[in-house]
Each structure stands twice: as C-alpha cells, then as structure tokens.
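As structure tokens, this is what we get:
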C-alpha cells in the first residue's frame, strides 16, 4: 500500500496460494495503496479519526496516482479511516489488560499499529516485496513495541506452515482488515481452520460487509475497484456465517458508518443512520469473534 505486491490472494486477497495471475495480484496491490491513502488523508485533518501519521512514510508516486482515482469518494474514504480506528480501540482495550499479548496482522500491508498502540508483541505477515519495502521505509527498530515481520509467498507457500513456528496456546489477537470481501467462501473457511488449529485461544477483528450494502451503497466505489482489475467475491448478507459455522462466538459488532459519524462529531448523520437507515447501520461492521 512503494513496492508493488507480488502475485497473491489478498491485499485484500492475499492469504492463500491461488490461481490468480500477476495482473490480478497487481490490481489488488493497488487497493492496498488506496487504504493507505485514506489513512494518510485522515492524518492531515485538524480532527483525524485514526491519526496514522506514519502513513506518510509510504506515500510514494504510485500511492499518489492511486489516490487521485479515489480521492473524490469522500464518505467511503472517511469510513476507511473510521474502520481502522474502531479496530484500534478494540485491540487497545485488550492490550491494556494484557500488554504482552501477541497480535498478528494478516495481510498487513502498510499497517502501523505496532508503532502507535500501547503494548503487544506484534507480527506482521505479508508478501516479501511489501516486507522489504516496509523494512526500508519504516524499520522495526522504530516501533514502540516488539515487532516481527514474516514474509510469505502466498502463491507458493502455506499460511499454516509459515505460522506454525508461532503456534501458541495463549490468547492471540488477529487483525484481518480489508480482506474478507476479496476471498471466496472456501478461502475464508480454510483461513479460520488454520487459525483455530495453531492458536486455540484467539480473537479475530475483521470488517464484514453485507451484499445488500455493497450493492445499494457502495456500487460506485466497487466500480472503481473493479477498474483496477479486482472485485469482491462471494458476497452474502450473512458474512458472519463462516465464523459461526466454525464455532466462533460473536463478541461485538460495531457499525462502521455510524461509528465513523460519531467519531467525526456528525450528530445529525449519526442520528439518521442509527434510527432511520438500518441497512446502512448494519450493512458494514467491525466484528470481533472469539474462538471459544
């Protein structure tokens, strides 16, 4: 989100070996630049939502070219920063209770939480190209918390095999942001099976979008994403189903549009979303799932 991502299943989709070609993988890497740019733009505001000042370290020419294509999507861009802040708050709450807990960011991209949050032993997982680029632009030695970066060729290597050395019976936290809508049902189920096998006690923090929300309220943004060469996959109005079927418990669900308006101090839009537009309120949420 710079170095371009190599072929993979997630940048959004980059968690499992797959049959996507290089063109698809490069398109997905461009969406990673988009989410980076949303946080960068947010950090420039007088009242930022997530305040990711480290995002500026990665804003190269490629990032700015991608941002120029998405800059006009004001509400989705703001919600992207709000989404990030919602996860920040949920994870920080856990780290305040257990500062030494392991936090794994899958498909980390340009995530900088290890530099911003208090506590945690952090592991960022992504393609070799992005790990190398991050090490150059934002070395682990600058992180305020212990941080490791794990490179994986998602086309050639197994997520299970790469995570196996970090197997842990202690409670672990997994951040999977901007990922699941790009994965197939089978990929989602496989990912959760790996996490449950290697980390029996864990929490997952992820964004879940309903198909109706994507269709009715995110169509223009999705069209712009498809013009980059990628698309959402296997959308459903019950995106939580793979978690529940795998035995997870839903611990919390936070409306991204509603909470974003609250964080921005937009009381009237927040009231309308809360009381009058349930399809928006419930259509895109940050969910926290417990593995047991």
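Numbering (my numbering), first residue to last: 1 to 292. Every residue, glycine too, gets a C-beta built ideally from N, C-alpha and C.
Between the C-alpha atoms of residue 59 and residue 105 there is a straight-line separation of about 21 Å.
The Cβ atoms of residue 113 and residue 88 sit closer than 8 Å to each other. With fewer than 16 other Cβ atoms from the protein chains shown falling within 10 Å of its own Cβ, residue 96 counts as exposed. Here residue 56 has 40, 43 as same chain residues with Cβ atoms under 8 Å from its own Cβ, once five neighbours each way along the sequence are excluded. Along the stretch 180-231, the beta strand (DSSP E) occurs as fully enclosed runs of 3 or more residues at 202-209, listed in sequence order. Inside the stretch 19-81, DSSP marks no whole beta strand (DSSP E) run of 3 or more residues.
The shortest C-alpha to C-alpha distance from residue 38 to any of 169, 159, 269, 110 is the one to 110. Taking a contact to require three or more Cβ pairs closer than 8 Å, the stretch 159-172 and the stretch 43-54 do not qualify as touching.
In this structure, the CA atom of residue 241 is about 14 Å from the CA atom of residue 191.
For residue 249, the closest alpha carbon among the candidates 121, 209, 226, 201 is that of 201. By the 16-neighbour rule on beta-carbons within 10 angstroms, residue 287 is buried. Judged by DSSP secondary structure, residue 157 falls outside any alpha helix (DSSP H); it is assigned neither H nor E. Of all C-beta pairs linking the stretch 250-257 to the stretch 268-287, three or more are shorter than 8 Å, placing the two stretches in contact. Contact check for residue 178 and residue 78: beta-carbon distance about 15 Å, past the 8 Å limit, so the pair fails to qualify. Closest in alpha carbon position to residue 211, among 125, 219, 120, is 219.
Check the Cα spacing between residue 215 and each of 268, 187, 149, 181: the tightest is with 181.
Separation of residue 123 and residue 229 (C-alpha to C-alpha, rounded to the nearest whole angstrom) is 29 Å. Between the C-alpha atoms of residue 173 and residue 195 there is a straight-line separation of about 10 Å. Between the C-alpha atoms of residue 127 and residue 157 there is a straight-line separation of about 10 Å.
Cα atoms of residue 102 and residue 186: separation of roughly 27 Å, rounded to the nearest angstrom. The count of Cβ pairs closer than 8 Å, one atom from the stretch 70-86 and one from the stretch 131-149, stays below three, leaving the stretches out of contact. Within the same chain, 124, 125, 126 come within 7 Å of residue 108 by CB-CB distance, once the 5 residues on both sides are set aside.
Counted as a single uninterrupted DSSP element, the beta strand (DSSP E) harbouring residue 175 occupies residues 172-176.
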